[in-house]
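Chains as they are written, first to last, in UniProt numbering: chain D, 1 to 195; chain R, 1 to 195; chain W, 1 to 195; chain E, 1 to 195.
Beta carbons: idealized from backbone N, C-alpha and C, even for Gly.
Predicted model only: the values in this text are computed from it and were never measured.
Structure first, then comments.
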């Protein structure tokens with residue numbers, strides 16, 4: 001457990017929650033299989049920055065998940081999760097949005113498959129702004145407008161909606177897990193919502 | 001009228017339709033003012049390709065407007081219109097979507113201001129795939145998901161919803177006004193909806 | 001002159017510099033024609049953020065132009081200029097890069113016409129982060145790698161090459177003309193060069 | 001060999017060619033390790049569409065690699081290869097460009113990490129336009145301008161430079177390996193080089 005990061009057990013999706021028969025679904029890996037795979041190839045993720053937009057498409061709020069880690073620190077993050085074997089990027093996005101925001105969030109998956117950025121996490125901190133102690137991960141990051149009711153699930157304690165100005169505050173950016181403050185600024189830049 | 005293209009009078013938005021006081025709104029131009037301006041600078045447009053998407057964001061249908069021109073030919077086009085003086089690109093997009101699709105179309109203006117392509121129309125046919133006999137126009141082109149009821153207005157006779165495969169048919173692409181078959185293919189390419 | 005902003009005379013390209021016969025080129029406007037047009041439609045611009053990249057495409061330096069204004073203040077800006085009547089966006093980009101960086105800059109005009117952002121300048125300060133006292137301008141903004149020798153021309157006093165970290169400093173961002181600090185952050189975000 | 005597709009042995013990069021000590025480089029996998037991993041997670045690839053551009057950035061030629069497969073058919077493809085463990089996307093792009101085009105191709109790796117599309121290959125043909133009999137692969141696809149001399153290496157027999165019009169011909173698109181005709185059209189659409 002310590003080997004793969006504090007909240008790994010919570011982050012690897014739990015098949016039962018989604019009514020999936022883990023034995024029959026090759027996408028779900030045992031902890032051992034996942035660990036071995038992480039020693040071989042970069043792992044593909046999707047991440048979503050949830051937003052509320054007005055009738056002109058302008059972002060009004062950005063949603064950040066609050067999670068506790070084993071060392072007692074709290075950190076903020078986005079919706080994120082692995083792309084499973086045989087799963088399309090769109091399905092992975094939808095599944096992880098429902099996993100983290102609940103079944104009534106009604107996310108609007110983007111019509112284009114092009115992410116606003118590609119985030120690369122290396123296991124060693126300091127090499128790049130982003131890191132993930134568990135693995136080399138490459139993440140396709142999207143902005144996803146959600147219109148429904150969000151109920152954080154699994155290991156997320158809370159979903160906080162911040163205005164773009166609040167989300168740009170240095171203390172919020174510094175609080176983001178694994179260096180994701182950079183990603184949050186990139187998301188706001190992409191939306192013309194800086195400053 | 002013949003000078004600036006067959007359906008110019010219908011295409012320059014009519015202030016009364018939108019409850020605007022034309023005298024007080026510097027954005028609205030007289031035919032003379034518009035003609036003179038077209039002799040001086042490229043004119044900025046926005047265009048929108050209306051789409052219906054499923055819960056995974058995949059495009060199911062593309063909406064094409066059918067318009068008649070003075071020479072009796074029918075042609076297909078997108079939602080389009082000028083960006084007026086003092087008007088933001090987002091407002092221009094929303095106004096032109098409501099102008100062409102009616103007030104109940106409920107378009108979802110994109111959260112990012114980046115168009116999927118920049119279309120350049122020159123008055124001379126054949127220089128580029130796109131042309132506009134009235135003017136040099138530069139158009140920011142967006143894909144816009146619409147969820148409501150579309151009622152074509154002004155000079156549009158009909159809105160036809162086609163599947164991506166139907167929209168890719170050579171006869172549909174050839175029918176597009178001003179060479180916009182190229183833009184339609186670009187929109188489908190951007191959405192991973194070719195083939 | 002005061003009517004259209006302090007450095008307007010320097011910024012409207014001078015036909016003679018480029019060996020153009022102004023009488024025969026409809027793209028060049030008299031000050032009166034330009035002023036009248038600015039009262040009628042938004043004016044289309046291109047802007048370029050010049051960068052030096054390494055062999056992996058990573059940005060090493062960002063080029064900022066230093067200009068003096070009539071009130072004695074200095075401010076920093078990007079390469080920018082109008083798209084002239086009949087001129088393509090690509091030609092406008094190249095012409096303005098040569099105007100501001102000299103003929104030996106060897107810019108690599110992007111292969112795709114999609115800008116990394118669309119910047120909207122309104123004449124009133126404070127409505128949006130960006131403003132231009134002279135006009136309502138809409139600008140297609142590109143990152144352009146330059147490989148040659150840059151010799152600032154016209155009204156630019158100096159071209160300064162800054163690392164991404166230096167360019168992100170609050171005092172540099174605050175110094176940018178017309179609120180372009182926001183655009184500079186957007187450019188760095190687009191290049192994964194924040195932080 | 002038949003298990004992993006006809007040209008798998010040639011496509012998995014050969015460490016010796018690049019002066020890499022395979023034992024010391026965790027990124028290189030044995031055929032067994034790769035096969036096992038392909039049964040567990042989607043594999044991350046990069047692909048590059050090589051282009052020649054003119055001084056305005058307009059694409060003049062698109063480079064297609066010709067490869068023979070074991071059943072005697074020839075097919076066309078792009079530069080492509082896995083992202084190795086611990087390798088950044090930029091380095092993977094450069095390494096695979098050098099692998100397929102030789103050391104003197106002088107590719108210009110894009111300054112932005114955002115691909116023009118994300119291609120998803122599933123092992124079953126017909127589910128999506130793209131397929132790869134060996135695996136579930138997710139590929140970040142870039143357009144890369146190359147300025148030097150290209151010498152196809154490894155299993156590529158030839159590099160053919162086609163104009164955008166030639167590359168759009170139905171017989172060329174149909175010849176592309178694994179359904180990549182769709183990707184080629186998407187690349188041309190992204191570059192405003194259709195029609």
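| Bridge partners - residue 119(W), DSSP secondary structure assignment | BP columns for residue 119(W) point to 139(W).
| request: Determine, using beta-carbon pairs with one atom in the segment 56 to 75 of chain D and one in the segment 117 to 127 of chain D, whether at least three such pairs fall under 8 Å. | output: These segments do not touch.
| said: Please report the distance separating the alpha-carbon of residue 137(W) from that of residue 171(W). | reply: Roughly 25 Å separates the two Cα atoms.
| query | So which residues of chain R does residue 195(E) contact, with C-beta pairs closer than 7 Å? | reply | Within 7 Å Cβ-Cβ: 129 and 182.
| task | Answer yes or no: do residue 53(E) and residue 107(E) have a C-beta to C-beta separation smaller than 7 Å? | result | No; because the gap between Cβ atoms is not below 7 Å, this pair is not in contact.
| task | Locate the beta strand (DSSP E) running through residue 183(D), then write down its first and last residues. | result | Residue 183(D) -> not in any beta strand (DSSP E); alpha helix (DSSP H) instead, spanning 181 to 190.
| Mind pulling the chain D residues with CB within less than 7 Å of residue 113(E)? | Per Cβ cutoff of 7 Å: 117 and 118.
| message | Give me, in chain order, the residues of the same chain whose beta-carbon lies closer than 7 Å to that of residue 191(R); leave out the 5 immediate sequence neighbours on both sides. | response | 59 and 143, listed in sequence order.
| field | chain C within 7 Å of residue 146(D), Cβ atoms only | value | Going by chain labels, chain C is absent from the structure shown, which instead holds the protein chains D, R, W and E.
| For residue 61(D), the residue or residues it bridges with in DSSP | As DSSP reads the structure, residue 61(D) sits in a beta bridge with 52(D).
| request: Provide the residue(s) that pair with residue 46(R) in DSSP beta bridges, ordered along the chain. | output: DSSP output for residue 46(R) lists 81(R) and 140(R) as bridge partner(s).
| task | Please report how far the alpha carbon of residue 29(E) lies from the alpha carbon of residue 89(R), in whole angstroms. | result | In a straight line, the C-alpha of residue 29(E) is about 51 Å away from that of residue 89(R).
| field | Range covered by the beta strand (DSSP E) that runs through residue 157(D) | value | Secondary structure note for residue 157(D): its beta strand (DSSP E) is the uninterrupted segment 156 to 162.
| request: Give the secondary structure of residue 72(D) by DSSP, where H, G and I count as helix, E and B as strand, and everything else as coil. | output: Residue 72(D) falls in the coil class under three-state DSSP.
| said: Contact criterion: CB-CB distance below 7 Å. Does residue 95(E) meet it with respect to chain D? | reply: For residue 95(E), the answer is no, since every Cβ of chain D falls outside 7 Å of its Cβ.
| query | Exposed or buried, residue 180(R), counting other C-beta atoms within 10 Å across all chains shown (16 or more means buried)? | reply | Label assigned to residue 180(R): buried.
| field | Sheet register partners of residue 66(D) (DSSP bridge) | value | Its beta-bridge partners are 76(D) and 158(D).
| Would the beta-carbon of residue 220(E) fall within 7 Å of that of residue 27(E)? | Lying before the first or after the last residue shown, residue 220(E) is absent from chain E, which here runs from 1 to 195.
| What's the gap between the Cα of residue 61(E) and the Cα of residue 161(E)? | If I take the Cα positions, the gap works out to 6 Å.
| said: So with CB distances below 7 Å, who are the chain W contacts of residue 42(R)? | reply: Taking a Cβ-Cβ threshold of 7 Å, the residues of chain W close to residue 42(R) are 44, 83 and 85, in chain order.
| request: Tell me whether the beta-carbon of residue 47(W) lies closer than 7 Å to the beta-carbon of residue 141(W). | output: Yes, these two residues count as a Cβ contact at 7 Å.
| Terminal residues of the continuous alpha helix (DSSP H) containing residue 38(W)? | Here the alpha helix (DSSP H) through residue 38(W) covers 31 to 38.
| Beta-carbon of residue 57(W) versus every beta-carbon of chain E: anything under 7 Å? | Yes, because at least one Cβ of chain E sits closer than 7 Å to the Cβ of residue 57(W).
| said: I need the DSSP call for residue 95(E), collapsed to helix, strand or coil. | reply: Of the three classes helix, strand and coil, the one that applies to residue 95(E) here is helix, per DSSP.
| At which residues does the alpha helix (DSSP H) containing residue 174(E) begin and terminate? | Where residue 174(E) is concerned, the enclosing alpha helix (DSSP H) stretches over 170 to 175.
| residue 108(R) - partner residues in DSSP beta bridges | According to DSSP, which records beta bridges pairwise, residue 108(R) is partnered with 145(R).
| field | For residue 51(W) and residue 111(E), the rounded distance between their alpha carbons | value | Between the alpha carbons of residue 111(E) and residue 51(W) lies a distance of about 9 Å.
| query | Around the Cβ of residue 134(E), are there at least 16 other Cβ atoms within 10 angstroms (buried) or fewer (exposed)? | reply | By the neighbour-count criterion, in which a residue is buried when 16 or more other Cβ atoms sit within 10 angstroms of its Cβ, residue 134(E) is buried.
| request: Output the distance between the C-alpha atoms of residue 157(R) and residue 187(D), rounded to the nearest integer angstrom. | output: For residue 157(R) and residue 187(D), the gap between their C-alpha atoms comes out near 40 Å.
| message | So with CB distances below 7 Å, who are the chain R contacts of residue 186(E)? | response | For residue 186(E), the chain R residues whose Cβ falls inside 7 Å of its Cβ are 189 and 194, in order along the chain.
| said: Please tell me whether residue 63(R) and residue 130(R) are closer than 7 Å, where the distance is taken between their beta carbons. | reply: Going by C-beta atoms, residue 63(R) is not nearer than 7 Å to residue 130(R).
| message | Buried or exposed for residue 166(D), going by 16 or more other Cβ atoms inside 10 Å? | response | Flag for residue 166(D) reads exposed.
| query | Hey, residue 153(E) and residue 81(E): beta-carbon distance below 7 Å or not? | reply | The Cβ atoms of residue 153(E) and residue 81(E) lie no closer than 7 Å to each other.
| query | Could you give the distance in angstroms between the alpha-carbon of residue 105(D) and the alpha-carbon of residue 36(E)? | reply | Roughly 36 Å between the two C-alpha positions.
| Closest by C-alpha distance to residue 195(D), when choosing among 163(D), 116(D), 44(D) and 148(D) | Residue 163(D) holds the alpha-carbon nearest to the alpha-carbon of residue 195(D) among 163(D), 116(D), 44(D) and 148(D).
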